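These notes are about the structure you will find just below.
Number of protein chains: 2
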Amino acid sequence: MRFRGLMMGRVLVGIDLGGTNVRIGIITPTGRILKKEEYALDPSQGGLKIVEELVSNLKNILRKRIGRSNQLLGIGIGIAGAIDMKRGRMVLSPNIPGLNGFGIREFIKKRISSPLAIENDANAFALGEGWVGAAKGSNDYCGITLGTGVGGGIVINGEILHGSRGMASEVGHMVIDPEGPLCGCGGKGCLEVYASATGIRRMALEAIEKGEGGEILKRAGGKVEEVTSEKVFEAARSGDKAAQKIFNEMGRFLGLGLVNVIHLFDPEKIVIGGKASRAWDFFIKATLGVVMERAIEGSREKVTIVRAKCGDDAGILGAAYVSLKSLGH
Amino acid sequence: MRFRGLMMGRVLVGIDLGGTNVRIGIITPTGRILKKEEYALDPSQGGLKIVEELVSNLKNILRKRIGRSNQLLGIGIGIAGAIDMKRGRMVLSPNIPGLNGFGIREFIKKRISSPLAIENDANAFALGEGWVGAAKGSNDYCGITLGTGVGGGIVINGEILHGSRGMASEVGHMVIDPEGPLCGCGGKGCLEVYASATGIRRMALEAIEKGEGGEILKRAGGKVEEVTSEKVFEAARSGDKAAQKIFNEMGRFLGLGLVNVIHLFDPEKIVIGGKASRAWDFFIKATLGVVMERAIEGSREKVTIVRAKCGDDAGILGAAYVSLKSLGH
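Respectively, the protein sequence lines represent chains H and V. If you're matching positions, the first sequence starts at 6 in this note's numbering and goes up one per residue. If you're matching positions, the second sequence starts at 6 in this note's numbering and goes up one per residue.
Have a look at this one:
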């Protein structure tokens, strides 16, 4: 009976609605992932189509995976952009333009009978890491994702920082060098132009232009357009100095960003994840060096800078956690 | 009777324990200042002497100004540096080195029978402006003081941000230009080296060295060591282009700092005060220009950037407010 009781437990659904794929997890209230599914998303579709597809997939999963054997407590969705938290509406949806202005919560709630919570994807990452990952047990920490862009989620006294309009913790658009390279946001020298996959690619192309990126170019089959942060990582692992120099630069600029985060938030911990963090060993030394050199005494020795633990699951975990929290747990 | 009732009201004492002078105010629970006193402080004295002097002055004021005609609700102290909020102990006291490590709350509480609250001075500034000043009615705002250094106080959902060790909102030590001038903190290119009285003086000395600061030097009686931010302000007001250029530069760098603050906190409002903000008309245009150019769409149009209203009283008001809040009001 005990075994059966466990099987028939209460579960949460965590959704990571990314720019090119959607991950859905069935997760226990203690943060254990029972099932995961994933499907590709075409971000150029209209918002209605995207959300209809999500609802249809979600209904399938709920029927197949939950059915009568589990009790669904709630659903959480993590999504890039600024969210009007009161209305559950996307204010700004950079990765899926079709969702700009879309009232996603109401749309889904009309079709699926379950409590529904929405959160920014970087916030979901931070909350996932805080729930069962590298920031577990901490009430004051920052999560930073180094992906295509740089995202941030900041937890203060156990609560995520949303700001007055849901646009806080845009860590990726801190100005690091006022005269630095152009950023997608229209600014110059934002953290994102250095410490993201896009930034690594940019630095690699610059190195190639200067005649220093031979090994990187070789790994991209000699085609500049095939240079990716992944190729730079491969080159660095093979011992290529130019690629290692790029990660060193990335680490240095990331360190400057962390100095600002430390000075403004005084966190116990900073958790760094995202696909570009796979090159950890090639950039973290430079990052920690800058922090020790530049952050204020009393903070720099005490803050812990660690690698994320939940990998690609942080998003679904965080989304499930948001759902759990919204139920008052 | 009503008149007498008002006169015999309950009052708070707010103390602004600065690096060179101490201001003490008797303040109503609605934020009206009834009395103010001020005395000079020698910051090179030992901590014991400084706090004994404070206690002695405080006792005098309480006897003279409060006596039997008012009921003292509580005392609040604003002081520069990092404070261990739980123990009421100075962790770091940059302006009054003698107070480093001093358990100021316990010392005073043993000598004066009253509830006592301590808060960082920039936080007190922000809370004072939020209570009865330029941020009244706002729950999410940042207060920035441009003084000898640059201080910050950040209010999130109506609560001041302390961080995990009471060292948050060090706005003045955000890195604005990684290769900028040396800062007192040991870093380079911190906001403080541009947007403080010290920064203005530095830029003036550079202008003089380049042969551009003739009018500024004249106003300092031809003596480089007498150049102050105040002299630069005078020169700017008289129409001196070199002085105006300095404030324009200051404003531009301040704008870069505000962009970071906006991206990280998404405040409704930013309130700027401190003695160097007196040159408002000479720097604010450049500041707002940078914010409109660099801050993310959706935030930049909505954040209000305003001048502080409480002048030199923000510190005592905020200290009194902290005391009021600590009583559960």
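For each residue, glycine too, the CB sits at the ideal point set by N, CA and C. Since the model is a prediction, treat every value here as computed from it, not as a measurement.
{"query": "C-beta atoms of V/Glu306 and H/Gly191 nearer than 9 Å", "result": "no"}
{"query": "C-beta contact flag for V/Gly279 and V/Val155 at 9 Å", "result": "yes"}
{"query": "CA-to-CA distance, H/Arg206 to V/Gly316, given in whole angstroms", "result": "49 Å"}
{"query": "Counted within 10 angstroms of its Cβ, other Cβ atoms place H/Gly204 as buried (16 or more) or exposed", "result": "buried"}
{"query": "Span of the alpha helix (DSSP H), counted from its first residue to its last, around V/Gly133", "result": "Asp126 to Val137"}
{"query": "Runs of beta strand (DSSP E) lying entirely within the stretch 239–305 of chain H, each at least 3 residues, in chain order", "result": "274–278"}
{"query": "C-alpha gap between H/Asp182 and V/Asn128, whole angstroms", "result": "28 Å"}
{"query": "Residue-level contact to chain B via CB, V/Phe270, 9 Å cutoff", "result": "No chain B is present in this structure, whose protein chains are H and V."}
{"query": "Contacting residues, own chain, Cβ-Cβ under 8 Å from H/Leu210 (five flanking each side not counted)", "result": "Gly218, Val229 and Val232"}
{"query": "Proximal chain H residues relative to V/Ala87, where beta-carbon distance stays under 8 Å", "result": "Gly303"}
{"query": "Contact residues within the stretch 289–317 of chain H, judged by C-beta distance below 7 Å to chain V", "result": "Arg299, Ile301, Gly303, Ser304 and Lys307"}
{"query": "Listed by chain order, chain V residues near H/Asp145 by CB distance under 8 Å", "result": "Gly168 and Ser169"}
{"query": "Local Cβ density within 10 Å of V/Arg15, reported as buried at 16 or more and exposed below that", "result": "exposed"}
{"query": "Among H/Asp145, H/Lys141, H/Ile101 and H/Ile113, nearest to H/Asp126 - alpha-carbon criterion", "result": "H/Ile101"}
{"query": "Near-chain V residues of the stretch 170–184 of chain H (beta-carbon distance less than 9 Å), N- to C-terminal order", "result": "Arg170, Gly171, Met172, Ala173, Ser174, Glu175, Val176, Gly177, His178, Met179, Val180, Ile181, Asp182, Pro183 and Glu184"}
{"query": "V/Leu151 beta carbon less than 9 Å from that of V/Ala87", "result": "no"}
{"query": "Host beta strand (DSSP E) of V/Gly158 (start-end)", "result": "Val155 to Ile161"}
{"query": "Residue range of the unbroken beta strand (DSSP E) whose run includes V/Ala173", "result": "Looking at the DSSP string, V/Ala173 is not in any beta strand (DSSP E), and its letter there is neither H nor E."}
{"query": "DSSP state of H/Leu166 mapped onto helix, strand, coil", "result": "coil"}
{"query": "Inter-residue Cα distance where the pair is H/Asn105 and H/Ile161", "result": "28 Å"}
{"query": "Residues in the stretch 252–265 of chain H having any Cβ partner in chain V nearer than 7 Å", "result": "Leu261, Val264 and Asn265"}
{"query": "Inter-residue spacing [alpha-carbon to alpha-carbon] between H/Arg37 and H/Glu175", "result": "29 Å"}
{"query": "Same chain, Cβ closer than 6 Å to H/Asn265, neighbours up to 5 away in sequence not counted", "result": "Met179"}
{"query": "Minimum Cβ-Cβ distance from H/Ile161 to chain V less than 9 Å", "result": "yes"}
{"query": "Limits of the unbroken alpha helix (DSSP H) element including H/Ala200", "result": "Glu197 to Ala200"}
{"query": "Inter-residue Cα distance where the pair is V/Gly260 and V/Thr292", "result": "4 Å"}
{"query": "Other residues of its chain near H/Ser119: CB distance less than 7 Å, five sequence neighbours each side excluded", "result": "Leu77, Gly79 and Ile80"}
{"query": "Residue-level contact to chain H via CB, V/Val96, 9 Å cutoff", "result": "yes"}
{"query": "For H/Leu121, the residue or residues it bridges with in DSSP", "result": "H/Ile80"}
{"query": "Cβ-Cβ separation, H/Ile82 to H/Ile123 (assumed contact under 8 Å), whole Å", "result": "5 Å"}
{"query": "Meets three-Cβ-pair contact criterion under 8 Å: the stretch 54–67 of chain V and the stretch 20–29 of chain V", "result": "yes"}
{"query": "H/Asp89 versus H/Phe270, H/Lys250, H/Glu273 and H/Gly171, residue with shortest Cα-Cα distance", "result": "H/Gly171"}
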